[in-house]
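Per the working numbering: the sequence shown = residues 1025 to 1281. Glycine included, every Cβ here is placed at the ideal spot set by N, Cα and C. Since the structure is predicted, the reported quantities are computational estimates derived from the model, not experimental observations. Report on one structure; see the data block that follows.
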Amino acid sequence: MISATFGKLFKFPLLILIPVIADVLTMLVGAALYGFHGSPHLTFKFALQMGLPSINTVSEQGFLPGSVQLVGSSFTASHLINNLLFLIFFLIVQAFLQGGYVGLLHEAVNQRELSFEKFVMYGARFFIRFILLSLIIMIPLLIIGGILTAALQIAGAIFMILIYLLLRIRFLFLELCLVAEDCSIPQAFSRSRIAFENRTPNTLPLIGAAILFNLIAGLLVNALWLPLLFFVLLILYDIVSAALQLAFMSDYQRIHR
């Protein structure tokens, strides 16, 4: 199914261009703020993201924004506030991009022409819902993860990763359902759970492929630190991830019918 999706993907170049441009801009902003630096290290990223592909999913290089950076010797309260404000701005922009991108996936699987205007339309329509969804998911995970890690240390962190993956799989189609059915967040949780229960024979292999791909990509991106190679891996990551997202949306459409 994934190989067939690549043929469809290149008929919709916006599905590749948008995540690549977003990641490159994120990289440039991060480099301007923190410096373009990284370090080779071994890491295992058990990740399963839905919607807009982003190298942030697997990268642990310190210059990428999207998390609060506490680097350098000049850390102050104002530094923390500035980083938190930037994080809020980053989440708002990500919510807009997520809504727009999932909307384009929905258009693509229905064989409709894609355009930047449609991307903006979907982003404007859904970005509030995606902000709320991010907060609903992120805040409990941070609290529970902090408690488990403090109590059980490494075992707690591993347990938290397993909890997250199980919930992520259980509500696999959450973001896709929110846009494709133009529903509320509570409805999206309920309908995505039902969709997973009615999954096709392709669903679990797709999940396995996505997790394995992120694991391999995380190893390469973090272990082989060279600026030019990072840029090449960024593009390759976004292309493969875009194909996976198109495959997931196609799978959801089959279930929904």
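Please classify residue i as buried or exposed, where buried requires at least 16 other C-beta atoms within 10 Å of its C-beta.
{"i": "residue 1038", "result": "buried"}
{"i": "residue 1134", "result": "exposed"}
{"i": "residue 1215", "result": "buried"}
{"i": "residue 1167", "result": "exposed"}
{"i": "residue 1043", "result": "buried"}
{"i": "residue 1119", "result": "buried"}
{"i": "residue 1105", "result": "exposed"}
{"i": "residue 1231", "result": "buried"}
Rounded to whole angstroms, what is the Cα-Cα separation between residue i and residue j?
{"i": "residue 1153", "j": "residue 1074", "result": "15 Å"}
{"i": "residue 1211", "j": "residue 1173", "result": "32 Å"}
{"i": "residue 1113", "j": "residue 1046", "result": "14 Å"}
{"i": "residue 1164", "j": "residue 1207", "result": "22 Å"}
{"i": "residue 1068", "j": "residue 1225", "result": "27 Å"}
{"i": "residue 1201", "j": "residue 1149", "result": "14 Å"}
{"i": "residue 1205", "j": "residue 1195", "result": "15 Å"}
{"i": "residue 1060", "j": "residue 1209", "result": "38 Å"}
{"i": "residue 1237", "j": "residue 1077", "result": "12 Å"}
{"i": "residue 1255", "j": "residue 1066", "result": "19 Å"}
{"i": "residue 1079", "j": "residue 1258", "result": "6 Å"}
{"i": "residue 1126", "j": "residue 1203", "result": "7 Å"}
{"i": "residue 1085", "j": "residue 1186", "result": "23 Å"}
{"i": "residue 1177", "j": "residue 1170", "result": "9 Å"}
{"i": "residue 1092", "j": "residue 1058", "result": "Because residue 1092 carries a pLDDT of 45, less than 50, the predicted location of this residue cannot be relied on, and the following value inherits that uncertainty. Their Cα atoms are separated by approximately 11 Å."}
Give the C-beta separation of residue i and residue j to the nearest angstrom, bearing in mind that I take them to be a contact with Cβ-Cβ under 8 Å.
{"i": "residue 1276", "j": "residue 1233", "result": "With 8 Å as the limit, residue 1276 and residue 1233 do not qualify as a contact, their Cβ atoms being about 16 Å apart."}
{"i": "residue 1071", "j": "residue 1270", "result": "Not quite, the Cβ-Cβ distance comes to about 18 Å (not below 8 Å), so this is no contact."}
{"i": "residue 1266", "j": "residue 1040", "result": "5 Å"}
{"i": "residue 1147", "j": "residue 1124", "result": "3 Å"}
Within the region 1180-1265, ranges of the beta strand (DSSP E) (whole runs, at least 3 residues): none
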